[in-house]
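In terms of my numbering, the sequence shown is residues 121 to 470.
Okay, structure first, notes after.
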Amino acid sequence: MSVSTHNVSLVRKTIVTLGLDRMARFWMGGLGCVIMLHRVRTIPPDTWEANPGLFVSPVQLEILITTLRREGYTLVTLDEACARMRHGDRRRFACLTFDDGYADNQHILPVLEQTRTPAMIYVTTGTVDRQVPLWDICLEHILRSQTELVIPVPPDHPAKPARTPAEKDRAFRNGLQHIHALLPEERNTLLQQLKTAHGIDALDLSARALLSWPEMATLARTDWISFGAHGVTHSPLRHLDEAQVRREMLDSKHRLEEMLGIPIRHFAYPYGNWATVSPREPVLARQCGFDSAVLSWGGPVLCRSNCHALPRIGFADRDSSIDLRLRLSGLRGWLKNALPHHRYERQEPQ
121 MSVSTHNVSL VRKTIVTLGL DRMARFWMGG LGCVIMLHRV RTIPPDTWEA NPGLFVSPVQ
181 LEILITTLRR EGYTLVTLDE ACARMRHGDR RRFACLTFDD GYADNQHILP VLEQTRTPAM
241 IYVTTGTVDR QVPLWDICLE HILRSQTELV IPVPPDHPAK PARTPAEKDR AFRNGLQHIH
301 ALLPEERNTL LQQLKTAHGI DALDLSARAL LSWPEMATLA RTDWISFGAH GVTHSPLRHL
361 DEAQVRREML DSKHRLEEML GIPIRHFAYP YGNWATVSPR EPVLARQCGF DSAVLSWGGP
421 VLCRSNCHAL PRIGFADRDS SIDLRLRLSG LRGWLKNALP HHRYERQEPQ
């Protein structure tokens, strides 16, 4: 028998209203949390979007910060969070992190200043330097004006209808999956074919979606925004050999240090899920000189969490304070009978 969305929402609301999430958090909420965000939207979209779930509004960001503080979390930098973990500090902390370094991240600064909240932005350096594209940005650009999606690179990818928002959603997901399965040389061919067929400079389009080096330098001079590395090419590291993983980590670290003139001590794994991060990567992140590295999932930070495989809790446009409180409780992992980040527990002193 199916359970209606209304009933699920009612159960969730009841759990929070009765404070059951707080009771669960006492036992399963761990040391704190690292929140994962991506983009900031200041005005409602006037057209179809491929990834609306990546956005939060400045108002939602304020709600997020207010809820965390009301629930007893101290908003700290990742440097402070790692220090607390090393020293066994049991006071609950929360860190805000933004992946990819989108240009709209500039809009977080007024909220951070007003609420006196630090945040970390992880940057994919190869895209900023116009070396690799953001394929989702390119496909979204094409689909906004086209009624079908054609990817003229084998293996066979038949044209996908894209007249309605639902069709565009399906075409986008299918197209992205196809591109990710291509070999590097096939993607290079696709870059040229997109320029010929649609007049798209994919590298330039992608770079303009991200913060520029001067914009990052300005933000880095504030008291509230720090920067971390997110690889050069945003590749799934599990699928690379050890030398390639080291290059992804160290080249992005050194490029950020060169351009921003600050030490880069923190890393975010591209994609950051179990399919793209093996137990090897946290070891390499530590060896490459990072103080921390974050996953994209896993719930609260527990006593046994590895600083180089920190779990995170996602928050985005459709999420409310109820969603946040339930995720902070640790109930989600418990109900699934496994906390996913257990496989990354540290094996040696950090």
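Quick reminder that beta carbons are idealized off the backbone N, C-alpha and C, glycines included.
| query | result |
| --- | --- |
| Sequence ranges, alpha helix (DSSP H) only - wholly within the segment 263–333, length at least 4 | 285–300, 304–318 and 322–329 |
| Straight-line Cα distance separating Val-231 from Thr-187 | 14 Å |
| Member of Met-369, Ile-241, Ile-228 and Thr-247 whose CA lies at the smallest distance from the CA of Thr-197 | Ile-241 |
| Per-residue DSSP class, three states only, for His-461 | Interpretation of His-461 is limited by its pLDDT of 47, a score under 50 that renders its predicted location unreliable; no figure is taken from the coordinates. |
| C-beta contact flag for Gly-351 and Thr-244 at 7 Å | yes |
| Classification of Val-160 by the beta-carbon crowding that lies within 10 angstroms, buried from 16 upward | buried |
| Beta-bridge pairing of Cys-408 - partner residues as DSSP gives them | The partner list for Cys-408 (beta bridge, DSSP) is empty, contrary to what the question assumes. |
| Helix, strand or coil at Ala-435 according to DSSP, with G and I counted as helix | Looking at the sequence itself, residue 435 is Phe, so the reference to Ala does not match. Phe-435: coil per DSSP, three-state reduction. |
| Alpha-carbon spacing of Gln-312 relative to Ser-326, whole angstroms | 15 Å |
| Validate contact between the segment 206–220 and the segment 134–154 using beta carbons, cut 8 Å, 3 pairs | yes |
| Distance, Pro-431 Cα to Leu-459 Cα | Confidence at Leu-459 is low in this model, with a pLDDT of 44, below 50, so its placement is unreliable and the value that follows should be read with caution. If you take the alpha carbons of Leu-459 and Pro-431, they lie about 10 Å apart. |
| Cutoff 6 Å; reference Ala-201; Cβ partners in own chain excluding five residues on either side | Phe-213 and Cys-215 |
| Three-way DSSP call (helix, strand, coil) for Leu-216 in this model | strand |
| Supposed close pair Ser-416, His-386 - CB separation, criterion 8 Å | Going by Cβ atoms, the distance from Ser-416 to His-386 rounds to 14 Å, so no, they are not a contact pair. |
| Same chain, Cβ closer than 8 Å to Asn-308, five either side skipped, listed in chain order | none |
| His-354 (DSSP reduced to helix, strand or coil) | coil |
| C-alpha distance - Gly-319 paired with Cys-258, whole-angstrom precision | 11 Å |
| Coil, strand or helix - Arg-159 by DSSP | strand |
| Helix, strand or coil at Leu-380 [DSSP, three-state] | helix |
| Counterpart residues of Cys-427 in DSSP-defined beta bridges | The partner list for Cys-427 (beta bridge, DSSP) is empty, contrary to what the question assumes. |
| Distance, Ala-286 Cα to Leu-229 Cα | 34 Å |
| As assigned by DSSP and simplified to three states, the class of Thr-194 | strand |
| Counted within 10 angstroms of its Cβ, other Cβ atoms place Arg-131 as buried (16 or more) or exposed | Per the sequence shown, residue 131 should be read as Val rather than Arg. Answer is exposed; the Cβ neighbour count stays below 16. |
| Buried/exposed call for Ala-279, threshold 16 Cβ in 10 Å | exposed |
| Contact check, Ala-322 vs Leu-314, beta carbons under 7 Å | yes |
| Span of the alpha helix (DSSP H) around Val-231 | 228–235 |
| Secondary structure of Leu-415, DSSP reduced to three states | strand |
| Touch test, the segment 396–411 against the segment 366–381, Cβ-Cβ under 8 Å, three pairs minimum | yes |
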